[in-house]
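**Student:**
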Amino acid sequence: MTHSATPATPLEARSSGPLTGKARVPGDKSISHRALILGALSVGETRISGLLEGEDVLNTAKSMRALGARVERIGEFAWSVHGVGVAGFAQPEVPLDFGNSGTGCRLVMGAVAGCPITAVFDGDASLRSRPMRRVLDPLELMGACVGSSGEGGRLPLTLNGARDPLPILYRTPVASAQIKSAVLLAGLAAPGVTTVIETEASRDHTELMLKHFGAQIVSTPEGGHGRKIALTGQPELHGAEVVVPADPSSAAFPLVAALIVEGSDVVLSDVMTNPLRTGLFTTLREMGASIEQSHVRGDAGEPMAQFRVRASRLRGVEVPPERAPSMIDEYLVLAVAAAFAEGTTIMRGLQELRVKESDRLEATAAMLRVNGVKVEISGNDMIVEGMGHVEGDGLVATHMDHRIAMSALVMGLASDKPVKVDDTAFIATSFPDFIPMMRSLGAEFS
1 MTHSATPATP LEARSSGPLT GKARVPGDKS ISHRALILGA LSVGETRISG LLEGEDVLNT
61 AKSMRALGAR VERIGEFAWS VHGVGVAGFA QPEVPLDFGN SGTGCRLVMG AVAGCPITAV
121 FDGDASLRSR PMRRVLDPLE LMGACVGSSG EGGRLPLTLN GARDPLPILY RTPVASAQIK
181 SAVLLAGLAA PGVTTVIETE ASRDHTELML KHFGAQIVST PEGGHGRKIA LTGQPELHGA
241 EVVVPADPSS AAFPLVAALI VEGSDVVLSD VMTNPLRTGL FTTLREMGAS IEQSHVRGDA
301 GEPMAQFRVR ASRLRGVEVP PERAPSMIDE YLVLAVAAAF AEGTTIMRGL QELRVKESDR
361 LEATAAMLRV NGVKVEISGN DMIVEGMGHV EGDGLVATHM DHRIAMSALV MGLASDKPVK
421 VDDTAFIATS FPDFIPMMRS LGAEFS
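Take full-length UniProt numbering: the last position of the sequence shown gets the number 446, and nothing is skipped along the way.
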């Protein structure tokens with residue numbers, strides 16, 4: 001099981017020469033999870049190219065096999081999925097182990113909730129500590145039932161899918177693509193129309209991909225910043241070709257590194273530019289970042305482009321709370337950019353960071369403080385006092401969080417003194433080639 005102890009792998013990053021060259025970061029994790037799940041719920045074969053082969057996604061692939069789909073690797077980052085159709089999952093003979101992946105776990109809960117089967121969901125120590133109740137609440141309204149669980153609805157838990165799933169109208173309590181997606185995936189098996197209303201629009205990958213696989217789904221504006229998504233249940237989804245764009249959340253790390261390491265000039269190819277995922281790029285440009293976009297194209301409704309990033313003098317800005325859904329995973333590395341900027345950066349509305357792989361709000365502040373950066377947390381806001389440079393010489397506690405580890409290593413590439421992280425083993429969950437890729441651009445790790 002993946003929640004067994006893994007030996008720690010410490011690493012140190014130090015100031016290097018300019019970062020230069022061209023790279024393609026791994027395929028987008030959100031798209032990779034969804035392509036496997038919807039391929040498994042379709043009739044016929046789905047071909048996926050550019051799949052992220054990190055531990056999180058591979059655990060989703062294993063879960064699809066356990067639920068009866070045929071999932072095979074047919075080439076480098078190329079996969080084939082022969083699906084079982086909507087509500088066609090078989091009873092798994094083993095627990096579904098998602099390792100460190102909240103996305104994979106919560107989305108598959110939705111898919112299982114619409115099937116008349118029982119499945120055990122589990123994960124590593126980090127995932128076992130994360131809340132699941134806000135996903136389980138709407139699934140129970142649709143007819144699913146939690147047989148047993150850890151304290152507060154945490155893993156490990158047993159989920160009994162609905163024999164006769166009910167369509168519902170559900171208003172999400174927070175802007176969360178995971179909650180929305182779980183409800184929509186369960187709604188595939190329900191007769192009639194399942195509707196999700198968001199007051200703040202979250203990433204729309206599930207809606208775009210459902211349409212790509214043949215579902216009837218309509219998304220319309222709701223209020224000032226929200227969306228109303230209506231899915232007609234019991235469609236016959238058909239296998240499709242999916243090209244996975246490069247993950248903007250992964251691209252954030254070499255991108256910020258290129259901005260803060262003097263003299264750098266880096267090109268990143270095929271980066272997803274879905275407007276619900278590009279809050280970081282918007283913010284960095286407001287800070288004065290040199291980010292040029294070209295070679296725009298698209299696949300399965302998802303746009304992508306090439307970015308050229310050059311070292312820039314950054315200035316502090318205020319990031320509004322309504323931007324959080326479009327960059328929730330990127331605030332950690334944005335805080336690193338803010339530390340190297342001139343002036344104060346205020347990031348507002350970061351409450352979702354408290355329920356990620358770690359309490360990312362506190363962990364990010366600790367990462368900065370131990371390296372000499374002045375940072376304050378006020379409620380759900382983070383305030384970073386940028387001085388144009390970072391002292392470094394700190395040991396960063398990663399709390400089994402891949403994004404803390406990568407953010408700290410990026411910071412060390414431009415700090416006055418090296419930055420050490422206590423463990424880099426968990427980077428493999430989302431970006432297995434992060435260290436060799438960064439070294440190929442000129443980064444110094446030891």
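All C-beta atoms, glycine included, are put in the ideal place defined by N, C-alpha and C. Keep in mind it's a predicted model, so treat the numbers as computed, not measured.
What number of angstroms, rounded off, separates the C-alpha of A431 from the C-alpha of P26?
**Tutor:** Residue identity differs from the one stated: residue 431 is Phe in this sequence, not Ala. Going by the C-alpha atoms only, they are around 7 Å apart.
**Student:** Sort out for me which residues DSSP pairs E444 with in a bridge.
**Tutor:** DSSP, once it has assigned bridges, lists R14 as partnering E444.
**Student:** So, for G85: in the same chain, excluding its five sequence neighbours on each side, which residues have a beta-carbon less than 6 Å away from its beta-carbon?
**Tutor:** Closer than 6 Å at Cβ, skipping near neighbours: V43.
**Student:** Is the segment 419-428 close to the segment 148-164, with three or more CB pairs under 8 Å?
**Tutor:** The segment 419-428 is not in contact with the segment 148-164.
**Student:** Any idea which residues DSSP pairs L231 with across the strands?
**Tutor:** Answer by DSSP bridge pairing, in chain order: T194, I217.
**Student:** Whole angstroms are fine: how far does the CA of A324 sit from the CA of G279?
**Tutor:** Between G279 and A324, the C-alpha separation is close to 7 Å.
**Student:** Identify which residue in M209, D204, L169 has its Cα closest to the Cα of V196.
**Tutor:** Cα-wise, what sits closest to V196 is L169.
**Student:** State the DSSP-derived secondary structure class of F89, mapped to helix, strand or coil.
**Tutor:** Of the three classes helix, strand and coil, the one that applies to F89 here is coil, per DSSP.
**Student:** Among the candidates E236, P191, A125, A177, whose CA atom is the shortest distance from the CA of E207?
**Tutor:** Comparing Cα-Cα distances from E207 to each of E236, P191, A125, A177, the minimum goes to A177.
**Student:** Would you call the segment 324-343 and the segment 251-260 touching, i.e. three or more CB-CB distances under 8 Å?
**Tutor:** They touch, by the three-pair rule.
**Student:** Quick check on this structure: which residue in E93, P92, L52, Q91 has the alpha carbon closest to the alpha carbon of R73?
**Tutor:** Per the Cα distances, L52.
**Student:** In its own chain, which residues sit with a C-beta less than 6 Å from the C-beta of P264, not counting the 5 before and 5 after it?
**Tutor:** Correcting the residue type first, residue 264 is Ser in the shown sequence and not Pro. Within the same chain, S264 has close Cβ partners P18, L19, A258, A311.
**Student:** When you compare only the Cα positions, how much space is there between D122 and E292?
**Tutor:** Their backbone Cα atoms lie some 42 Å apart in a straight line.
**Student:** With distances taken between CB atoms, is the gap from residue 504 to L184 smaller than 8 Å?
**Tutor:** Here the chain comprises residues numbered 1 to 446, so residue 504 is not present and cannot be evaluated.
**Student:** With the cut-off set at 8 Å, would you say V81 and M109 are in Cβ contact?
**Tutor:** Result no, Cβ atoms of V81 and M109 do not sit closer than 8 Å.
**Student:** Thinking just about the alpha-carbon of each residue, which of S326, A366, V243, E262 is nearest to the one in G50?
**Tutor:** Among S326, A366, V243, E262, the Cα nearest to that of G50 belongs to V243.
**Student:** With a threshold of 16 other CB atoms inside 10 Å of the CB of T220, please say whether the residue is buried or exposed.
**Tutor:** Looking at its Cβ environment, which holds fewer than 16 other Cβ atoms inside 10 Å, T220 is exposed.
**Student:** Between which residues of its own chain and S16 is the CB-CB distance below 7 Å, once the five residues before and five after are set aside?
**Tutor:** Cβ neighbours of S16 beyond the five flanking positions: V261, L413, G442, A443, E444.
**Student:** Please name the residue or residues paired with A246 in a DSSP beta bridge.
**Tutor:** DSSP lists G27, V271 as partners of A246.
**Student:** Looking at C-alpha atoms only, which residue of L334, E55, V135 is the closest neighbour of D124?
**Tutor:** For the residues L334, E55, V135, the minimum Cα distance to D124 belongs to E55.
**Student:** Roughly how many whole angstroms lie between the Cα atoms of R439 and V390?
**Tutor:** Spanning the two alpha carbons is a distance of roughly 21 Å.
**Student:** Looking only at C-alpha atoms, which of D433, G214, K417, E200 sits nearest to G223?
**Tutor:** Residue E200 is the option with its Cα nearest to G223.
**Student:** Within 10 Å of its beta-carbon, does A78 have 16 or more other beta-carbons around it, so buried, or fewer, so exposed?
**Tutor:** Exposed, since its Cβ has fewer than 16 Cβ neighbours within 10 Å.
**Student:** Between which two residues does the alpha helix (DSSP H) carrying Q293 extend?
**Tutor:** Element bounds for Q293: not the alpha helix (DSSP H) but the beta strand (DSSP E), 290-299.
**Student:** Which residues in the same chain have their Cβ closer than 6 Å to the Cβ of G372, if we skip the five residues on either side of it in sequence?
**Tutor:** Around G372: E391.
**Student:** Can you give me the C-alpha to C-alpha distance between G233 and T273, rounded to a whole angstrom?
**Tutor:** Distance between the alpha carbons of G233 and T273 is about 29 Å.
**Student:** On a Cα-Cα basis, can you pick out the residue from S101, G83, E45, Q91 that is closest to T60?
**Tutor:** Ranking S101, G83, E45, Q91 by Cα distance to T60 puts S101 first.
**Student:** To the nearest angstrom, report how far apart residue 454 and P95 are at their CA atoms.
**Tutor:** In the structure as shown, the chain begins at 1 and stops at 446. Residue 454 is therefore absent and cannot be evaluated.
**Student:** Looking at the structure shown, is C145 part of a helix, part of a strand, or coil, going by DSSP?
**Tutor:** The answer is strand: DSSP assigns C145 an E or B state.
**Student:** Taking the straight line between their C-alpha atoms, what separation do you get for N380 and G349?
**Tutor:** Cα to Cα, the separation comes out at about 5 Å.
**Student:** Tell me, please, which residues DSSP counts as bridged to Y170.
**Tutor:** Its beta-bridge partners are V196.
**Student:** Could you tell me which residues DSSP puts in a beta bridge with A119?
**Tutor:** Its beta-bridge partners are L159.
**Student:** Going by DSSP, what residues sit across from E318 in a beta bridge?
**Tutor:** Answer is I346, bridged to E318.
**Student:** Could you give the residue range of the beta strand (DSSP E) that holds Q306?
**Tutor:** Looking at the DSSP string, the run of the beta strand (DSSP E) that includes Q306 is 302-310.
**Student:** Would you tell me roughly how many angstroms separate the C-alpha atoms of T398 and G288, rounded to the nearest one?
**Tutor:** Those two C-alpha atoms are separated by around 29 Å.
**Student:** Assuming contact is defined by CB atoms lying nearer than 8 Å, are A119 and L159 in contact in what I supplied?
**Tutor:** Contact flag set, yes.
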